[in-house]
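Step one of this worksheet: look at the structure below.
Protein chains: 2
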Amino acid sequence: MTDRPRRGRRPGDPAVTRTGILEAARSVFAESGYERATIRAIAERAGVDSSLVHYHFGTKQDLFVAAHDFPISPATLRAVLEGGEGTLGERMARTYLTAALSGGSLEAFVRAAISNPTARLLLKEFVESAFLDAFEGRIEGPDARLRMALAASHLVGIFMARRIVGIDAIADADLETIVRMVAPSLDRYLGGEPAA
Amino acid sequence: MTDRPRRGRRPGDPAVTRTGILEAARSVFAESGYERATIRAIAERAGVDSSLVHYHFGTKQDLFVAAHDFPISPATLRAVLEGGEGTLGERMARTYLTAALSGGSLEAFVRAAISNPTARLLLKEFVESAFLDAFEGRIEGPDARLRMALAASHLVGIFMARRIVGIDAIADADLETIVRMVAPSLDRYLGGEPAA
DNA sequence: CCCTCAATTCATCAATCGATGAAAAAGGGG
DNA sequence: CCCCTTTTTCATCGATTGATGAATTGAGGG
Chain A
0 MTDRPRRGRR
10 PGDPAVTRTG
20 ILEAARSVFA
30 ESGYERATIR
40 AIAERAGVDS
50 SLVHYHFGTK
60 QDLFVAAHDF
70 PISPATLRAV
80 LEGGEGTLGE
90 RMARTYLTAA
100 LSGGSLEAFV
110 RAAISNPTAR
120 LLLKEFVESA
130 FLDAFEGRIE
140 GPDARLRMAL
150 AASHLVGIFM
160 ARRIVGIDAI
170 ADADLETIVR
180 MVAPSLDRYL
190 GGEPAA
Chain B
0 MTDRPRRGRR
10 PGDPAVTRTG
20 ILEAARSVFA
30 ESGYERATIR
40 AIAERAGVDS
50 SLVHYHFGTK
60 QDLFVAAHDF
70 PISPATLRAV
80 LEGGEGTLGE
90 RMARTYLTAA
100 LSGGSLEAFV
110 RAAISNPTAR
120 LLLKEFVESA
130 FLDAFEGRIE
140 GPDARLRMAL
150 AASHLVGIFM
160 ARRIVGIDAI
170 ADADLETIVR
180 MVAPSLDRYL
190 GGEPAA
């Protein structure tokens with residue numbers, strides 16, 4: 000990592016270099032958003048020439064897609080659905096907020112989605128299919144999908160406030176406190192009553 | 000607007016040109032976000048040379064600030080606080096969602112805040128002072144500020160879902176329907192009970 | 001051990017962008 | 001009506017960026 004790299008192929012596993020680039024891409028995208036992130040910055044963080052990034056992943060957009068396969072795993076989804084302690088809203092808040100606030104993956108996604116149409120579509124697709132569709136059928140009553148979306152958007156808003164905008168009251172609060180406060184609101188959306 | 004502009008000062012009021020640039024700036028910033036928006040595109044939309052933009056407003060960041068003085072007016076705030084029909088949460092949801100979803104001003108702000116540190120600070124400042132501070136004292140109970148911020152973040156999330164990401168369920172829904180569904184959640188935050 | 005192929009850097013291009021400085025045209029006070 | 005100021009376009013610079021092609025070096029099969 001500290002060697003002066005000469006030209007040509009270097010010893011060791013090329014796969015390490017590849018995943019290193021992906022990791023660097025994720026972190027730079029998360030920090031700077033899609034537009035501001037430069038291939039050169041990603042390459043530098045990976046300790047690699049910028050051409051190598053293109054060689055492995057093609058265009059910048061290809062790299063972004065490759066680096067962000069799946070923000071939240073299906074396993075996470077199952078954990079939310081197939082109970083445990085607490086209400087559904089509580090599990091949902093805790094699981095998604097923890098996942099979103101820990102890694103940089105979703106942050107990169109959201110940041111990128113703001114300015115880049117492709118990333119925006121990916122995010123929309125992710126939320127609608129892997130999120131709304133997954134819960135569909137488990138939530139009853141009229142407007143089920145809209146109520147689901149409202150619950151999800153609440154979490155997105157909290158994520159934005161804490162991670163992107165940095166509203167103090169939310170950024171400084173204990174995560175579990177937030178979860179306990181938010182859970183009843185989510186349960187109200189997921190519970191079924193049509194809201195007067 | 001359709002004339003071939005020769006060089007030099009043009010007849011008519013220069014203030015018209017100025018406000019035209021500001022308007023163009025708002026719309027381009029809203030569409031593209033801060034990074035993607037180019038001075039050249041703004042100038043073209045205003046029917047003006049790009050240098051004129053610099054002449055009037057200096058740097059790109061200066062222009063952004065000048066174009067987005069205040070997303071939501073103090074008058075709007077008062078309308079929310081000093082009742083009328085419905086609960087506080089209902090007035091809050093209706094007023095802010097309408098304001099945020101109608102003009103392009105807040106959209107530009109949010110988009111810009113994602114990638115530009117200055118815009119991010121402006122947005123944070125706006126939310127925290129003109130929003131949280133304004134309600135402070137009117138909301139009782141422990142964690143008042145956090146609960147306020149949760150209510151605000153819920154609205155931000157809905158705005159994101161509808162305007163930025165374009166989640167169908169929320170984008171297609173009637174605004175008044177959303178307001179009625181969300182209001183009880185907001186009231187819960189603003190009402191005072193500490194949430195078990 | 002050689003020869004091909006994959007991995008990697010170097011050099012460089014074309015495009016774009018923000019910004020500046022000079023030139024041209026209209027306004028307006030004296 | 002003249003002259004200085006303001007407003008506007010034109011020309012251009014320097015920096016940055018994504019991308020490409022050639023050169024160099026290691027890996028690995030035969």
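For the protein sequence lines, the chains are A and B, in the order given.
So the first sequence is numbered by numbering that gives the first Met the number 0: it starts at 0 and just counts up by one.
So the second sequence is numbered by numbering that gives the first Met the number 0: it starts at 0 and just counts up by one.
The beta-carbon is built from N, C-alpha and C at its ideal position, and this holds for glycine as well.
Check: For B:Ile177, which of helix, strand or coil comes out of DSSP?; Outcome: helix
Check: Just the C-alpha distance for A:Tyr116 and A:Ala36, rounded to the nearest angstrom, thanks.; Outcome: Sequence inspection shows Pro at residue 116 of chain A; the Tyr mentioned does not correspond to that position. About 15 Å.
Check: Just to confirm the assignment, what range does the alpha helix (DSSP H) spanning A:Arg39 have?; Outcome: Ile38 to Arg44
Check: Closer than 8 Å by beta-carbon distance: list the chain A residues that pair up with B:Leu154, in chain order.; Outcome: Gly156
Check: For chain A, find out if any of its Cβ atoms is closer than 8 Å to the Cβ of B:Arg137; answer yes or no.; Outcome: no
Check: Grab me the residues of B:Leu154's own chain with a C-beta within less than 7 Å of its C-beta, minus the 5 sequence neighbours each way, in chain order.; Outcome: Ala92, Tyr95 and Leu96
Check: Ordered along the chain, which non-local residues of its own chain (more than five positions away) have a Cβ less than 7 Å from that of B:Val52?; Outcome: Ile20, Ile38, Ile41, Ala42 and Leu62
Check: Consult DSSP for B:Ile157 and reduce its assignment to one of helix, strand or coil.; Outcome: helix
Check: Which of helix, strand or coil does DSSP assign to B:Glu81?; Outcome: coil
Check: Anything in chain B within Cβ reach of A:Asp167, meaning under 7 Å, just list it in chain order.; Outcome: Glu127
Check: Ordered along the chain, which non-local residues of its own chain (more than five positions away) have a Cβ less than 8 Å from that of A:Phe108?; Outcome: His67, Pro70, Ala118, Leu121, Leu122 and Phe125
Check: Within this structure, are the beta carbons of A:Arg187 and B:Pro183 separated by less than 8 Å?; Outcome: yes
Check: At 4 residues or longer, what runs of the alpha helix (DSSP H) sit wholly inside the region 93-162 of chain B?; Outcome: 104-114, 116-124 and 143-158
Check: Where does A:Ile166 sit, in a helix, a strand or coil, going by DSSP?; Outcome: coil
Check: Rounded to whole angstroms, what's the CA-CA distance from B:Val178 to B:Leu149? Just pull it up for me.; Outcome: 16 Å
Check: Would you mind reading off the limits of the alpha helix (DSSP H) that contains B:Ala35?; Outcome: Note that residue 35 of chain B corresponds to Arg in the displayed sequence, not to Ala. Per DSSP, B:Arg35 belongs to the alpha helix (DSSP H) from Pro13 to Arg35.
Check: For B:Gly88, count the other beta carbons within 10 Å of its own beta carbon; 16 or more makes it buried, fewer makes it exposed. Which is it?; Outcome: buried
Check: Given a cut-off of 8 Å on the beta-carbon distance, is the pair B:Met159 and A:Ser31 in contact?; Outcome: no
Check: Which same chain residues, not among the five before or five after B:Arg90, have their C-beta less than 6 Å away from its C-beta?; Outcome: Val79
Check: Give, in chain order, every residue of the region 28-57 of chain B whose Cβ lies closer than 9 Å to some Cβ of chain A.; Outcome: Ser31, Gly32, Tyr33, Glu34 and Arg35
Check: Taking buried to mean at least 16 other C-beta atoms within 10 Å of its own C-beta, is B:Val15 buried or exposed?; Outcome: exposed
Check: Apart from the five residues on each side of it in sequence, which residues of its chain come closer than 6 Å, Cβ to Cβ, to B:Ala112?; Outcome: Ala118, Arg119 and Leu122
Check: By DSSP, does A:Leu57 sit in helix, in strand, or in coil?; Outcome: Note on identity: in this sequence residue 57 of chain A is Gly, with Leu being the wrong assignment. Of the three classes helix, strand and coil, the one that applies to A:Gly57 here is coil, per DSSP.
Check: Under 8 Å between beta-carbons, which chain A residues line up against B:Arg110? List them in chain order, please.; Outcome: Ile113 and Ser114
Check: Tell whether a beta-carbon distance below 8 Å holds between B:Arg110 and A:Ser114.; Outcome: yes
Check: Any beta carbon from chain A within less than 8 Å of B:Ala194's own beta carbon?; Outcome: Any reading at B:Ala194 needs caution, since the residue's pLDDT is 40, under 50, leaving its predicted position unreliable; the model's value is listed next. Yes, B:Ala194 lies at the interface with chain A (some Cβ there is under 8 Å from its Cβ).
Check: Is any beta-carbon of chain B found at less than 8 Å from that of A:Ser26?; Outcome: no
Check: Is any beta-carbon of chain A found at less than 8 Å from that of B:Val15?; Outcome: no
Check: So, is B:Ala29 buried or exposed, given that buried needs 16 or more other C-beta atoms within 10 angstroms?; Outcome: buried
Check: Taking all protein chains shown into account, decide if A:Arg25 is buried (16 or more other Cβ within 10 angstroms of its Cβ) or exposed.; Outcome: buried
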